[in-house]
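Undergrad: Per the working numbering, residue 3 is the first one in the sequence shown, and the count goes up by one each step.
Every residue, glycine too, gets a C-beta built ideally from N, C-alpha and C.
Model, not experiment: these values are computed from the prediction.
Before I ask anything, here is the structure I am working with.
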Amino acid sequence: MNENEPKILVVRLSSLGDIVLSSPVYKNLKAKWPHAHITLMVKPQFAQVLAGHPDIDEIMVAKKGLWANIRQIRAGHYTHYLDLHSTLKSILMGFFSRIPNRIRYDKNSVARRMLVKFHKNSPVLEKHTLDKYLEALKAWDIDIKYKAPKLGDWAYQHANMTGKKVNKIGIFQTSFIGDSVLTTPLIQKTAKLFPETKIVVITRPQTEDIFRPMKEVSEIILNDKRGWNKIFGVWKTAKAIKNSGIDILLVPHRSFRSALIAWLSRVPVRIGFTSSEGWFFYTKTVPFSWMIHDAERNLSLLQGIVKEKFTAEKLSMRYAPSAEENVARLMKDFNLEGQTLVGIHAGSAWPTKCWPMEYFVQLISRLQTELGVKAVLVGGGAKDADLGEKICQLSKGHAANLCGKTSLADLMALMKHFKLFITNDSGPMHIATAFDVPTLAIFGPTTRELGFFPYGEGHRVMEVKDLPCRPCALHGGRKCPLGHFKCMKDILPDRVFQNAKEMLEENHSLPAQTEKKAEPATAK
């Protein structure tokens with residue numbers, strides 16, 4: 003590697019204050035080597051906060067095990083190792099990583115212990131920690147031009163970090179409906195940042211309707227994972243991406259398969275998450291944090307291109323105009339015109355994410371008899387259609403079953419007719435929020451902290467708090483691992499009904515005759 007373009011790894015695992023204090027270190031390194039690639043290794047909880055420093059090119063998230071860290075350091079092929087942590091662990095990481103140029107700051111550990119244990123002060127402790135950081139740089143013949151942190155050191159700068167003209171940016175999302183909906187802010191923000199650049203979306207045939215109507219999307223590449231395509235589709239999709247001429251590929255999907263396809267496509271810049279199963283296939287990785295909503299996590303991938311941090315605006319979606327005609331026909335066929343409608347999605351790909359069917363039956367009956375609103379069951383596929391039919395029969399006609407009768411585009415067009423949407427943790431939940439439908443979500447094995455809760459204001463989540471077994475899985479499971487299914491069974495129909503009633507009242511969505519006789523709702 004060119005000696006004027008060193009790859010420098012700086013290790014400062016904790017704490018947040020010390021990391022922020024270290025800002026002048028990176029500024030001095032860049033002053034010495036303007037084209038240096040600087041990576042900062044920090045603990046996971048600090049990664050998202052520190053990802054925007056203008057002099058830091060990459061954040062490496064520290065792993066738990068010593069050898070796990072050594073392996074990821076070796077994979078980076080660094081030329082310089084700056085240890086600002088100066089513990090046995092960081093010293094061993096530097097030694098076994100075989101980086102040729104290694105320095106560390108003098109922590110004066112013995113003197114510090116003597117002060118704490120025996121109250122014996124030492125002149126070496128009179129130096130500020132930052133001064134010690136900067137003193138360590140002298141071993142690399144670095145002139146200290148920046149001696150203190152300044153306001154704006156951690157500010158985000160909008161600039162194309164690739165240094166090249168970007169003609170096409172690809173966004174790879176082949177997961178479920180909900181994940182696809184939560185990728186739309188990433189597409190919209192990318193289009194704003196790169197208005198002259200074409201955006202290509204790689205997705206599944208089942209979620210194509212989410213992206214096809216978007217004005218920001220110039221091209222769609224389909225990645226069919228069904229049947230033999232699960233194997234042969236890898237090569238087919240990689241070839242299609244390669245032939246499309248994409249310059250940068252953003253991959254929110256964290257599967258090994260997605261990362262492999264990205265690598266096989268030979269796109270010059272491939273950006274994924276540090277926690278992706280195939281992270282080593284990417285040219286750049288950004289920190290993955292459970293502390294923010296999934297829509298904002300997806301936006302963080304842009305930090306691999308621009309030094310700026312974004313928050314997602316409210317979700318918004320479009321659908322094909324033909325869907326309006328289909329929905330108008332369904333509204334007429336099921337005699338739904340002129341009624342106050344509440345959408346209900348009772349299904350899920352994961353059985354443990356489904357609120358009990360008999361609970362939905364009780365809820366639907368009360369919505370009709372006590373509030374005068376009509377429940378409309380929605381969902382796709384034969385499984386949802388069967389579930390919807392059973393619920394309709396048991397609720398004695400108090401619901402209309404549109405399960406299996408709508409395409410994805412139809413479902414989007416149908417949303418504007420709902421005054422409220424009651425749902426399990428599923429893809430239609432995110433579609434509802436994207437169309438500004440007040441959403442009442444029922445969470446069992448999953449939790450808000452996983453980042454997939456209804457995005458925006460005016461929504462509610464029903465859950466059993468302080469249940470120690472939650473969450474039991476990222477996406478749910480086939481059956482309750484403990485056999486009691488308390489996370490769903492303990493969310494009683496009356497509680498959901500009272501919250502639904504409150505939300506309808508707050509939005510003045512109850513039929514006129516019901517509003518007159520409605521009593522104050524009980525506590526949530």
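Buried or exposed: Arg-114, going by 16 or more other Cβ atoms within 10 Å of its Cβ?
TA: In this prediction, Arg-114 has a pLDDT of 45, which is less than 50 and means its spatial position is unreliable; what the coordinates show is noted afterwards. Classification for Arg-114: exposed.
Undergrad: Identify whether Glu-221 lies in helix, strand or coil by the three-state DSSP scheme.
TA: It is a strand residue.
Undergrad: Could you give the distance in angstroms between the alpha-carbon of Ala-411 and the alpha-carbon of Lys-34?
TA: 55 Å
Undergrad: Would you tell me roughly how many angstroms separate the C-alpha atoms of Ala-161 and Asp-59, rounded to the nearest one?
TA: Any reading at Ala-161 must be qualified, since the residue scores a pLDDT of 45, below 50, and its modelled position is unreliable; the value itself is stated next. Looking at the two C-alpha atoms, the distance is approximately 12 Å.
Undergrad: In whole angstroms, what is the alpha-carbon distance linking Lys-376 and Gln-370?
TA: Their Cα atoms are separated by approximately 6 Å.
Undergrad: On a CA-only basis, which of His-477, Arg-320 and Ala-475 is nearest Asp-438? Give me that one, please.
TA: Arg-320
Undergrad: Tell me the rounded alpha-carbon separation between Trp-357 and Asp-133.
TA: So the alpha carbons of these two residues sit roughly 59 Å apart.
Undergrad: My output table needs one value for Ala-348: the three-state DSSP class, helix, strand or coil.
TA: In the three-state scheme derived from DSSP, where H, G and I count as helix and E and B as strand, Ala-348 is classed as coil.
Undergrad: Leu-188 lies in the alpha helix (DSSP H); which residues open and close that run?
TA: 186-195
Undergrad: Can you tell me which residues form a DSSP beta bridge with His-82?
TA: Ile-10 and Asn-103
Undergrad: Given a cut-off of 7 Å on the beta-carbon distance, is the pair Ile-204 and Ile-223 in contact?
TA: yes
Undergrad: Do the CB positions of Leu-404 and Val-363 come within less than 7 Å of each other?
TA: no
Undergrad: Flag this pair as yes or no: are the beta carbons of Thr-41 and Met-62 separated by less than 7 Å?
TA: yes
Undergrad: So for Glu-372, helix, strand or coil by DSSP?
TA: helix
Undergrad: With the cut-off set at 7 Å, would you say Ala-264 and Phe-283 are in Cβ contact?
TA: yes
Undergrad: Could you name the residues of the same chain whose beta carbon sits closer than 8 Å to that of His-39, not counting the 5 residues immediately before and after it, in chain order?
TA: Glu-7, Pro-8, Lys-9, Ile-10, Asp-59 and Glu-60
Undergrad: Indicate, with yes or no, if the ligand HEM has a heavy atom lying under 6 Å from the CB of Pro-270.
TA: Summarising the ligand content, the structure contains no ligands, and the ligand HEM is consequently not present.
Undergrad: Ends of the beta strand (DSSP E) at Ala-64?
TA: Under the DSSP assignment, Ala-64 falls outside any beta strand (DSSP E); it carries neither an H nor an E label.
Undergrad: Roughly how many angstroms separate the alpha carbons of Lys-149 and Phe-97, rounded to a whole number?
TA: 29 Å
Undergrad: Quick one: what does DSSP say Ile-179 is sitting in, helix, strand or coil?
TA: Looking at Ile-179 - three-state DSSP - the assignment turns out to be helix.
Undergrad: At what residue ranges does the region 377-457 contain a whole run of the alpha helix (DSSP H), taking only runs of 4 or more?
TA: 383-396, 410-417 and 429-436
Undergrad: Since Val-219 and Lys-170 should fall inside the 8 Å C-beta cutoff, what is the C-beta to C-beta distance between them, to a whole number of angstroms?
TA: 12 Å between Cβ atoms; not a contact.
Undergrad: Using three-state DSSP, classify Met-319 as helix, strand or coil.
TA: coil
Undergrad: Is the Cβ-Cβ distance between Leu-184 and His-347 less than 7 Å?
TA: No. Outside cutoff.
Undergrad: Whose C-alpha, out of Leu-251, His-400, Leu-506 and Gly-382, is nearest the C-alpha of Gln-305?
TA: Checking every option, the nearest Cα to that of Gln-305 belongs to Leu-251.
Undergrad: To the nearest angstrom, report how far apart Met-490 and Thr-354 are at their CA atoms.
TA: 8 Å
Undergrad: Given a threshold of 16 other Cβ atoms within 10 Å of its Cβ, counted over all protein chains shown, does His-295 qualify as buried or as exposed?
TA: buried
Undergrad: Helix or strand or just coil, what does DSSP make of Gly-280?
TA: Of the three classes helix, strand and coil, the one that applies to Gly-280 here is coil, per DSSP.
Undergrad: For Gln-208, is the classification buried or exposed, using 16 other Cβ atoms within 10 angstroms of its Cβ as the cut-off for buried?
TA: buried
Undergrad: Do you know offhand how far Val-12's Cα is from Ile-212's?
TA: 42 Å
Undergrad: Starting from Phe-336 and walking both ways along the beta strand (DSSP E), at which residues does that stretch end?
TA: Counting along the chain, Phe-336 falls outside any beta strand (DSSP E), and DSSP gives it neither H nor E.
Undergrad: Among Ala-64, Leu-389 and Gly-78, which one has its Cα closest to the Cα of Gly-349?
TA: Leu-389
Undergrad: From what residue to what residue does the beta strand (DSSP E) around Thr-41 run?
TA: 39-44
Undergrad: Output the boundary residues of the beta strand (DSSP E) element that contains Arg-462.
TA: 462-464
Undergrad: Can you list, in chain order, the residues of its chain whose CB lies under 7 Å from that of Arg-259, leaving out five sequence neighbours each side?
TA: Val-236
Undergrad: Would you mind giving the Cβ-Cβ distance between Pro-176 and Asn-245, rounded to the nearest angstrom? I have them listed as a contact below 8 Å.
TA: First, the residue type needs correcting, since residue 176 is Thr and not Pro in the sequence shown. About 18 Å; that fails the 8 Å criterion.
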